[in-house]
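Participant: My structure is below; once you've seen it, I'll send some questions.
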Amino acid sequence: MAQDEVTRLGREALSQYTRDELIDLADRELARTAEPLLFLAEASRREAALDDRIASLYERALRSPSPLVRFHAAWCVYDTRACWARFIPVLQAAREAEDDEPNRENLDTVIDLLQTELREEEEEQIRWAHPGLARVEYDVTRRRALCGEELASLKQAVGFLRMPYDIYRWYSERSLNMPLERALAALRQLERWWDEIAPSFQSESPYKHSDPFMDEDSIHPLGAYIISSQFLWHYYESDQAERHLLRSFHLAETLMTRGRGGAALVMPRASLKERYLDGVSQAYHDPRLYAVNHFYLGELHERRGAHEQAAEHYARFAEIEPDFSPRNSYVSHPAYYDIKRFYPGTVEAYGRLGDLYRDRLGNPDRARFYYEKALRLSPSHHTPYREYARLLEQADPRGALDLLRQEIEVLTSYPDPEPSPSSRCLPFEPREVVERFHAWRSHPMAARHEVDVIARSVLRFLKGLSVEPYRSGYPEWNELAQQVESASSPSA
């Protein structure tokens, strides 16, 4: 068929050809036009296997004397998915032989697109075949062959990252079945394999954090490392947590806030307050909770007696999370904490800072500064009223007494009027409220009319525990109420 005939007949005429006829036509016209070739590529786009005749046709088209045919031949390759992997070296050879500058640039573009899409397809296949923490082992074994001892060591190293999975599987850290000795042994293997495993923490795959009880196939390696590092201190209280709390924080900060090498944001970090309100923070494998590392580092240094360093870490946590003061912090995950039940909040950090400057660093003005900052946040059972009162009891005894009264008022504002299934228990014991009431009313400066008002408030609080869902958890409410009534009677 002549050039003018192909142009005249166009798509409608080409659609009348059989596949074999179209291949023959494209072959005859390679020196003059790419139109039959383009039509053939469109018809072959979704075929799973590559027809060798079409592959041979593409190769010859890339060597056509016509620059236009060579240009379109490259895009015909791109449009035919079945030939991608096979044709990358063919395109690269064509690029080396090409003497037309626009065609060289065109080939560069097509080669780059093919390589990118093939990499993305391979990555997706690997992600499905080796999800979550299984990907960590896969990536290491893909890069190098391992002997039996090395494989066992690598599995032990990844076992340290699986610690959060044990928590979520059993819903409570009381079920944590990795003793400290085994955790530290796994940690030693993690250090051995650190250079091989570290790239897995930089993965920019989506962070799944909406389900509080996710299995290990869904935990992002960085999230697992952050939480396991936190458990080293929070659960085991091991000094070896320091290095990993710092390292996991810096990894998360780099990836979450700046991206690799200062690139665009990978995941903008919302405040803890926002995540708490929308329920996302219920999932403790969410890597965005990395700011907590500084709170735990503060505790670690405080126990060592390194009070200035402890203050620096508490202050850093508060700087990152300036106003996280939930009323019921345990709602984030009711079974996550055992003794230290509550998720660390900003109000706690300010309280710890006040205590350090009052008792350890000898700076009462600085202590007052942090106590005041704590009191400006939403009041809760964590607000350091008593701690601040201790600072004021000599210089301002009436101010100290008023702080103790405020604390009782806040505590008696519990429980919630409409409790949710996750807030059926108080974040403190009712007996503590009664003890604080007795201590406050016995103060010589406590006014009688204020005692009556606060006593009624305490009684309302206790009687609120007489109905479900609280009654079964606090059967002592009536005995405590009788103590308050007896103490507040005129004859008391």
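One point on numbering: in the UniProt record's numbering, the residue at position 358 of the sequence shown is 358, and numbering is uninterrupted. Idealized CB from N, CA, C, for every residue including glycine. Because the structure is a prediction, the values reported are computed rather than measured.
Given Ile454, which residues of its chain have a CB within under 6 Å of its CB, disregarding the five upstream and five downstream residues?
Facilitator: Position 454 of the sequence shown, counting from 1, holds the residue named residue 454. Result list for Ile454: Ile408, in chain order.
Participant: Measuring only between beta-carbons, confirm whether Asp20 sits less than 8 Å from chain C.
Facilitator: Absent from the structure is chain C; it holds one protein chain and no more.
Participant: Sorted by chain position, which residues of the same chain lie with C-beta nearer than 7 Å to Ser228's C-beta, five sequence neighbours on each side aside?
Facilitator: Working through the sequence shown from its first residue, we reach residue 228 at position 228. Cβ neighbours of Ser228 beyond the five flanking positions: Phe160, Leu161, Met163, Pro164.
Participant: Measure the alpha-carbon distance for Ala157 versus Trp194 and round it to whole angstroms.
Facilitator: Within the sequence shown, the letter at position 157 stands for residue 157. Within the sequence shown, the letter at position 194 stands for residue 194. In a straight line, the C-alpha of Ala157 is about 9 Å away from that of Trp194.
Participant: Touching or not, the region 37-46 and the region 71-78, by the rule of three or more beta carbon pairs under 8 Å?
Facilitator: yes
Participant: Among Pro221, Leu180, Glu432, which residue has its Cα nearest to the Cα of Ile197?
Facilitator: Taking the sequence shown and counting its residues from 1, one reaches residue 197 at position 197. That would be Pro221, whose Cα lies nearest to the Cα of Ile197.
Participant: Check whether the region 294-312 and the region 344-356 touch, using three or more Cβ-Cβ pairs below 8 Å as the test.
Facilitator: With a cut-off of 8 Å on Cβ pairs, the region 294-312 is in contact with the region 344-356, counting three or more such pairs.
Participant: Smallest Cα separation from Thr18: which of Ala31, Ala34, Glu29, Phe39?
Facilitator: To locate residue 18, count along the sequence shown from 1; it is residue 18. Out of Ala31, Ala34, Glu29, Phe39, Phe39 has the C-alpha closest to the C-alpha of Thr18.
Participant: Decide if the region 48-62 is in contact with the region 81-92; the criterion is three or more beta carbon pairs, one per stretch, under 8 Å apart.
Facilitator: yes
Participant: Can you grab the Cα-Cα spacing for the pair Ala183 / Leu246, in whole Å?
Facilitator: The residue you call residue 183 lines up with position 183 of the sequence shown. The residue you call residue 246 lines up with position 246 of the sequence shown. Straight-line Cα distance between these residues: approximately 18 Å.
Participant: Less than 8 Å between the C-beta atoms of Gln482 and Val434, yes or no?
Facilitator: Position 482 of the sequence shown, counted from the first residue, corresponds to residue 482. Position 434 of the sequence shown, counted from the first residue, corresponds to residue 434. No, the Cβ-Cβ distance between Gln482 and Val434 is not below 8 Å.
Participant: What residue range does the alpha helix (DSSP H) around Glu47 cover?
Facilitator: The count along the sequence shown starts at 1 and reaches residue 47 at position 47. Where Glu47 is concerned, there is no enclosing alpha helix (DSSP H), given that its DSSP letter is neither H nor E.
Participant: Helix, strand or coil, according to DSSP, for Tyr236 in the structure here?
Facilitator: Looking up residue 236 in the sequence shown gives position 236. Three-state DSSP puts Tyr236 in coil, outside helix and strand.
Participant: Looking at the secondary structure, which residues open and close the alpha helix (DSSP H) in which Phe295 lies?
Facilitator: Taking the first residue of the sequence shown as position 1, residue 295 is located at position 295. If you look at Phe295, you'll find it in the alpha helix (DSSP H) that goes 292-304.
Participant: Skipping 5 residues on each side, what residues in its chain have a beta carbon closer than 7 Å to that of Val347?
Facilitator: Along the sequence shown, one-based indexing puts residue 347 at 347. The answer, listed in chain order, is Ser325, Ala374, Leu377, Ser380, His382, Thr383.
Participant: Taking the alpha carbon of Ser442 as the point to measure from, which residue in Arg405, Cys425, Pro475 has its own alpha carbon closest?
Facilitator: Your numbering for residue 442 matches position 442 in the sequence shown. Nearest option by C-alpha distance: Arg405.
Participant: How many angstroms separate the CA atom of Leu146 from the CA atom of Pro430?
Facilitator: Taking the sequence shown and counting its residues from 1, one reaches residue 146 at position 146. Taking the sequence shown and counting its residues from 1, one reaches residue 430 at position 430. Distance between the alpha carbons of Leu146 and Pro430 is about 58 Å.
Participant: Can you say whether Leu118 is buried or exposed, counting buried as having 16 or more other CB atoms within 10 angstroms of its CB?
Facilitator: Taking the sequence shown and counting its residues from 1, one reaches residue 118 at position 118. It is exposed - the Cβ of Leu118 has fewer than 16 other Cβ atoms within 10 Å.
Participant: Go to Asp100, then tell me how far its alpha helix (DSSP H) extends in each direction, as first and last residue.
Facilitator: In the sequence shown, residue 100 corresponds to position 100, counting from 1. Run containing Asp100: none; DSSP gives neither H nor E here.
Participant: Taking C-alpha atoms, which residue in Leu361, His449, Pro444, Ala97 lies nearest to Leu401?
Facilitator: Here residue 401 refers to the residue found at position 401 when the sequence shown is read from its first residue. Closest option to Leu401, Cα to Cα, is Pro444.
Participant: May I ask which residues mark the beginning and end of the alpha helix (DSSP H) holding Asn478?
Facilitator: Residue mapping note: residue 478 aligns to position 478 of the sequence shown, counting from 1. It spans 477-488 - the alpha helix (DSSP H) in which Asn478 sits, taken as one unbroken run.
Participant: Below 8 Å between beta carbons: does that hold for Tyr414 and Phe461?
Facilitator: On the sequence shown, position 414 is the one that residue 414 refers to. On the sequence shown, position 461 is the one that residue 461 refers to. The answer is yes: Cβ separation under 8 Å.
Participant: Which of the three DSSP states is assigned to Gln115 in this structure?
Facilitator: In the sequence shown, counting from the first residue as 1, residue 115 sits at position 115. DSSP places Gln115 within a helical segment (H, G or I) once states are collapsed to three.
Participant: Return the residue from the list Tyr236, Trp128, Glu312, Ile88 that minimises the CA-CA distance to Pro179.
Facilitator: What you label residue 179 is simply residue 179 of the sequence shown in a count that begins at 1. Nearest C-alpha to Pro179: Tyr236.
Participant: Less than 7 Å between C-beta atoms, sequence neighbours within five positions excluded: which residues of the same chain meet that for Ser15?
Facilitator: Position 15 of the sequence shown, counted from the start, is the residue given in the question as residue 15. Here the set comprises nothing.
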